[in-house]
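Everything in the sequence shown is counted per UniProt numbering, starting at 1 for the first residue and increasing by one. Just so you know, even glycine gets a beta-carbon here, dropped at the ideal spot from N, CA and C. One structure is given below, encoded as structure tokens.
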Amino acid sequence: MLKDYAKLAIFLVIASACGGGDGSDIGVTTRVVTVSGDISFTPSANQFEVTSETVTDQAEDLFECQITLEKSTVIEYQLQSEDELTLRGQQLTRVASYEGADSVSGVDSNLFGTWTFGEDSVNGVSIEIQVTITPEELTYTNTCRI
Numbered sequence: 001m002l003k004d005y006a007k008l009a010i011f012l013v014i015a016s017a018c019g020g021g022d023g024s025d026i027g028v029t030t031r032v033v034t035v036s037g038d039i040s041f042t043p044s045a046n047q048f049e050v051t052s053e054t055v056t057d058q059a060e061d062l063f064e065c066q067i068t069l070e071k072s073t074v075i076e077y078q079l080q081s082e083d084e085l086t087l088r089g090q091q092l093t094r095v096a097s098y099e100g101a102d103s104v105s106g107v108d109s110n111l112f113g114t115w116t117f118g119e120d121s122v123n124g125v126s127i128e129i130q131v132t133i134t135p136e137e138l139t140y141t142n143t144c145r146i
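Now the structure itself:
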């Protein structure tokens, strides 16, 4: 009987050393997938076109973490306010302003910055997608927590 308690004590010491005291972060895996592309604007139509793309490691074993951005994709946008953006029909909120000095003639400079769709859960995977728009580039970052 004493041996069983000793085994339990050793297990608890090891488990405590591996994660938080409440066990909430034991086994949590975080993956960050990024895809970006150069863009060109058509200000009169409130849209931009992806002219090239760069993809980082795509967490291929997790469909929920994958992001695609294809060359020649045209993306419509509508700036609702300084802190709200509609991109491809979806609502985003501002996370950070653009700090660069570059601009695009005819495009409201409030469009540039980092925006988020917020956090969501898909098939038990927590995802948070952020979009960074600069005068030259569009970047999607998907942070997945399993």
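Candidates the options, of which the one nearest residue i by Cα
| i | options | result |
| --- | --- | --- |
| SER146 | GLU128, THR73, GLU84 | Checking the sequence, you will find Ile at residue 146 rather than Ser. Among GLU128, THR73, GLU84, the Cα nearest to that of ILE146 is on GLU128. |
| residue 148 | SER36, THR132, SER121 | Outside the displayed span of the chain (1 to 146) sits residue 148, for which this structure offers no information. |
| THR141 | GLY100, TRP115, GLN91, SER81 | TRP115 |
Chain-order list of residues whose beta-carbon lies under 6 Å from that of residue i (same chain, five-residue window excluded)
| i | result |
| --- | --- |
| VAL32 | THR143 |
| VAL125 | GLU64, CYS144, ILE146 |
| ASP22 | Note on ASP22: pLDDT 47, under 50, position unreliable in the model; the coordinate value appears next. Cβ within range, chain order: n/a, list empty. |
7 Å CB neighbourhood of residue i in its chain, flanking five on each side removed
| i | result |
| --- | --- |
| GLU76 | ASN46, GLN47, ARG88 |
| PHE112 | TYR98, ILE133, THR134, PRO135 |
| VAL122 | GLU64 |
Burial state of residue i (16 or more Cβ within 10 Å)
| i | result |
| --- | --- |
| THR54 | exposed |
| VAL50 | buried |
| GLY118 | exposed |
Residues bridged to residue i (per DSSP)
| i | result |
| --- | --- |
| GLN91 | THR86 |
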